[in-house]
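Colleague:
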Amino acid sequence: MVLGAIYSLMATGITLVYSILRVINFSQGELFTLGGYALYYFSMTLKLPDVFGLLFVALVGYLCALAIERAIIRDVYKPALERPSEYALMATFALSILLQNLMLNVFGYTIKTPPAFLVGGLRIMGYTLTWDRILAAVLASVVYLALYLFIKTSWTGKIWQAYAQNRTGVSILGAHESRIGMHSFSVAGMLSALTGALIAPVYSVYPNAGTLPLIIGFVIIVIGGLGSIEGAFIGGLIVGLTQSLVTGFSSAAYGYASIFLIMIFFLLIRPRGILGEVERIA
121 MVLGAIYSLM ATGITLVYSI LRVINFSQGE LFTLGGYALY YFSMTLKLPD
171 VFGLLFVALV GYLCALAIER AIIRDVYKPA LERPSEYALM ATFALSILLQ
221 NLMLNVFGYT IKTPPAFLVG GLRIMGYTLT WDRILAAVLA SVVYLALYLF
271 IKTSWTGKIW QAYAQNRTGV SILGAHESRI GMHSFSVAGM LSALTGALIA
321 PVYSVYPNAG TLPLIIGFVI IVIGGLGSIE GAFIGGLIVG LTQSLVTGFS
371 SAAYGYASIF LIMIFFLLIR PRGILGEVER IA
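Everything in the sequence shown is counted per the numbering used here, starting at 121 for the first residue and increasing by one.
1. DSSP state of G241, grouped into three classes?
2. So who's on the other strand from V325, going by DSSP bridges?
3. Closest by CA to L182, which one among T165, A208, Q148?
4. Would you call the stretch 220-231 and the stretch 320-337 in contact, with 3 or more CB pairs under 8 Å?
5. Could you work out which residue in M130, L129, L141 is closest to Q285 when comparing CA atoms only?
6. Taking one C-beta from the stretch 310-320 and one from the stretch 250-267 each time, how about it: are there three or more such pairs within less than 8 Å?
7. Any idea if A377 is buried or exposed, counting beta-carbon neighbours within 10 angstroms, 16 or more meaning buried?
8. Excluding sequence positions up to five away, which residues of its chain have a Cβ less than 8 Å from the Cβ of V180?
9. Report the rounded CA-to-CA distance for T244 versus V143, giving the unit in angstroms.
10. Check whether the Cβ atoms of G330 and F172 sit closer than 8 Å, and answer yes or no.
11. At the level of alpha carbons, what is the spacing between A257 and Y127?
12. In whole angstroms, what is the alpha-carbon distance linking V334 and F213?
13. Please return the same chain residues whose Cβ sits closer than 7 Å to the Cβ of Y283, not counting the five positions on each side in sequence.
14. How many Å lie between L395 and L136 at the Cα?
15. Please state the DSSP three-state secondary structure of L249.
16. Could you tell me the alpha carbon to alpha carbon distance between S370 and I379, rounded to whole angstroms?
17. Helix, strand or coil for G351, going by three-state DSSP, please let me know.
18. Assuming G375 and T367 are in contact, meaning their beta carbons sit under 8 Å apart, how far apart are those beta carbons, in whole angstroms?
19. Could you tell me how far apart the beta carbons of A131 and I340 are, in whole angstroms, since I believe they sit closer than 8 Å?
20. Buried or exposed for W280, going by 16 or more other Cβ atoms inside 10 Å?
21. Among the residues of its own chain, which have a CB less than 7 Å from the CB of S163, if the five just before and after it don't count?
22. Taking A185 as the reference, give the member of M302, F237, I389 with the closest Cα.
23. Give me, in chain order, the residues of the same chain whose beta-carbon lies closer than 7 Å to that of F305; leave out the 5 immediate sequence neighbours on both sides.
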């Protein structure tokens, strides 16, 4: 459950970008890694309270995603250019490889581990659950809830929902497409960076640390439903609980294998996921 709450934050970022912009962003794994590095160097250099470190990570993730959106992604939905959706898919995949190698050259392959948020743990039925993981899960849940309320209740959030359902109609009514894309993509990048920062004290950070969480994020949105932020949270809990239970009774390898088996199961019996909607092609 703890891992699920953290993973669901990553999945929420992926599904937010897809539901609004219809873009699959492979570079979110590298924003995850960047969040871990940002927290590590902030903590080791400035030695300020962790809350300031997480705020710094959120800012770094937002600004880096903003730069990616302005340089690459906006061409997809800019009417004058009429780029196909595959353009963003290939561009973000190439960017992912580029950023991985850039971080390898800048940070080296030495594994970095930020200081734990809290020490000690809670022992339940023979298993120890560290306070560090519990706090990370609580913070991830709070961030998810804040985003959910923002999207469902704020004026900007309602515009995002309308744009996801009918781009042309929202544009005719005067909404600024460029701003919608810019801010939604940047918020998704912030979520990925925060996920990396929350999990880094437990699993450490290295140049390709974001690859597996990105894959797990895709698994979660397949289970929860592509385009549904509620489904991303539910899917994250299912994945986290399954992985933890299987790992506890066997090994980590079987734990990871189990979540892919669940994904295959959902693809066979419910391809649209738990809360996904059926899209009409014609």
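Glycine included, every Cβ here is placed at the ideal spot set by N, Cα and C.
Modeller: Taking the geometry as given:
1. Look at G241 here: in three-state DSSP terms it is strand.
2. K232, per the DSSP bridge assignment.
3. Just to set this straight, residue 182 is Tyr in the shown sequence, not Leu. Of T165, A208, Q148, the smallest CA-CA separation from Y182 is found for Q148.
4. Output reads yes: the stretch 320-337 touches the stretch 220-231.
5. The candidate whose alpha carbon is nearest that of Q285 is L141.
6. With three or more CB-CB distances shorter than 8 Å, the stretch 310-320 counts as touching the stretch 250-267.
7. If you draw a 10 Å sphere on the C-beta of A377, you find fewer than 16 other C-beta atoms in it, and that means exposed.
8. Setting aside the 5 residues that flank it on each side, V180 is surrounded in the same chain by L154, G155, A158, A313, each with a C-beta closer than 8 Å to its C-beta; the list follows chain order.
9. Before going further, note that residue 244 is Ile rather than Thr in the sequence given. Across the structure, I244 and V143 are spaced so that their CA atoms are roughly 42 Å apart.
10. It is not a contact, given that the beta carbons lie outside the stated cut-off.
11. Between A257 and Y127, the C-alpha separation is close to 9 Å.
12. The question names Val, but residue 334 is Leu in the sequence shown. Their Cα atoms are separated by approximately 12 Å.
13. Here the set comprises I140, V290, A295, I300.
14. Their Cα atoms are separated by approximately 14 Å.
15. DSSP places L249 in strand when its eight states are reduced to three.
16. C-alpha separation (whole angstroms): 14 Å.
17. The answer is helix: DSSP assigns G351 an H, G or I state.
18. Taking 8 Å as the upper bound for CB-CB distance, G375 and T367 are in contact here, some 3 Å apart.
19. Between I340 and A131 the Cβ distance is about 4 Å, and since that is below 8 Å, they are a contact.
20. Buried: at least 16 other Cβ atoms inside 10 Å.
21. Answer for S163: G173, P234, P235, listed in chain order.
22. The shortest CA-to-CA distance from A185 to any of M302, F237, I389 is the one to M302.
23. The residues are V137, L141, A185, E189, I193.
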